[in-house]
Amino acid sequence: MSKNILVIQRTAPYGSSLAREGLDYVLTSAAYDQNIQMLFMGDGVFQLVKNQNSTDIQLKSQLGAMEVLPLYDIEDLYVIKEDLAERNLSESDLGLPIKVIKRRDTHTLIEQQDHVMGF
Amino acid sequence: MLHLIQKSPFQSQCLKDCLNIAAPHDSFLLMQDGVYAIQKADFIEQHDIIYALESDLKARGLTNKHSNVSSITYADFVALTETHNKVLSWY
């Protein structure tokens, strides 16, 4: 049965494996025909920064791995405006097409879901 | 919605991130080091429905002195996950 699931990415990439595990969860669920949306908040917004090159730290690029999302029909990606601003980032610093939402609108997004998963 | 707070708010950004997106009448369950949030007066004062795992409080020598905080067992925790439509962990 297909469910609406929001995956919340809250951690920066590379420092821990959570960002990668969240993405693995997203791709696996999508392969089982679940409707996935993603929300990037807090340090999770750093996953979206363009020009990531993680070759020298022997890890796969988080942003590069996320480029497959449209192939899995995952196109609803959201980022919290205030969390970008706190980190001195703007939409032009990001490497994926994404919808910028205000913090106070986040719970409306959550209300539309059957499940919410945080990483 | 039930939020599981698992890290100390004095050490981690968890509780702050959670409160940034929580809806006004969401419930909170403090567990593991999250029970230290019981010492955070502004959080306790500003929310109606807070639960804390008694075993985690007891282990850390903390006492629940707040009327809006319910000390609960693991069995109560399971029941809470059944009565809330969404459960989200913050760690």
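So the protein lines, in turn, are chains W and Z.
When we follow my numbering, the leftmost residue of the first sequence carries the number 70, and every step to the right adds one.
When we follow my numbering, the leftmost residue of the second sequence carries the number 41, and every step to the right adds one.
C-beta atoms are modelled at their ideal positions from N, C-alpha and C, and glycine is treated no differently.
For residue i, does the three-state DSSP call read helix, strand or coil?
i	result
residue 84 (chain W)	coil
residue 114 (chain W)	helix
residue 126 (chain W)	helix
residue 186 (chain W)	strand
residue 143 (chain W)	coil
residue 71 (chain W)	coil
residue 76 (chain W)	strand
residue 41 (chain Z)	coil
residue 46 (chain Z)	coil
residue 161 (chain W)	helix
residue 179 (chain W)	helix
residue 98 (chain W)	helix
residue 106 (chain W)	strand
residue 171 (chain W)	coil
Are residue i and residue j touching if we call contact CB-CB under 7 Å?
i	j	result
residue 111 (chain W)	residue 57 (chain Z)	yes
residue 179 (chain W)	residue 147 (chain W)	no
residue 75 (chain Z)	residue 96 (chain Z)	yes
residue 129 (chain Z)	residue 187 (chain W)	yes
residue 18 (chain Z)	residue 185 (chain W)	Lying outside 41 to 131, the shown extent of chain Z, residue 18 (chain Z) is not represented and no answer is given.
residue 173 (chain W)	residue 60 (chain Z)	no
residue 90 (chain Z)	residue 68 (chain Z)	yes
residue 92 (chain W)	residue 134 (chain W)	yes
Taking the alpha carbon of residue i as the point to measure from, which residue in the options has its own alpha carbon closest?
i	options	result
residue 117 (chain W)	W:104, W:85, W:164 and W:188	W:164
residue 76 (chain W)	W:174, W:176, W:154 and W:105	W:105
residue 79 (chain Z)	Z:123, Z:48 and Z:62	Z:48
residue 87 (chain W)	W:119, W:109 and W:74	W:109
residue 25 (chain Z)	Z:88, Z:44, Z:73 and Z:90	Lying outside 41 to 131, the shown extent of chain Z, residue 25 (chain Z) is not represented and no answer is given.
residue 143 (chain W)	W:98, W:89 and W:151	W:98
residue 82 (chain W)	W:139, W:119 and W:141	W:119
residue 71 (chain Z)	Z:122, Z:124, Z:107 and Z:99	Z:99
residue 145 (chain W)	W:89, W:78, W:134 and W:168	W:168
residue 87 (chain Z)	Z:55, Z:113, Z:116 and Z:114	Z:55
residue 140 (chain W)	W:89, W:90 and W:100	W:100
residue 89 (chain W)	W:129, W:122, W:125 and W:124	W:129
To the nearest angstrom, how far is the alpha carbon of residue i from that of residue j?
i	j	result
residue 93 (chain Z)	residue 71 (chain W)	33 Å
residue 183 (chain W)	residue 103 (chain W)	11 Å
residue 176 (chain W)	residue 65 (chain Z)	11 Å
residue 157 (chain W)	residue 43 (chain Z)	28 Å
residue 74 (chain W)	residue 108 (chain Z)	31 Å
residue 115 (chain W)	residue 136 (chain W)	15 Å
residue 81 (chain Z)	residue 166 (chain W)	40 Å
residue 52 (chain Z)	residue 106 (chain Z)	23 Å
residue 131 (chain W)	residue 103 (chain Z)	43 Å
residue 121 (chain Z)	residue 115 (chain Z)	10 Å
residue 85 (chain W)	residue 113 (chain Z)	31 Å
Say whether chain B places a C-beta atom closer than 7 Å to the C-beta of residue i.
i	result
residue 128 (chain Z)	Judged by its chain identifiers, the structure shown contains no chain B, and its protein chains are W and Z.
**Q.** Minimum length 3: unbroken beta strand (DSSP E) runs contained in the stretch 60-117 of chain Z
**A.** 67-70, 90-93 and 109-112
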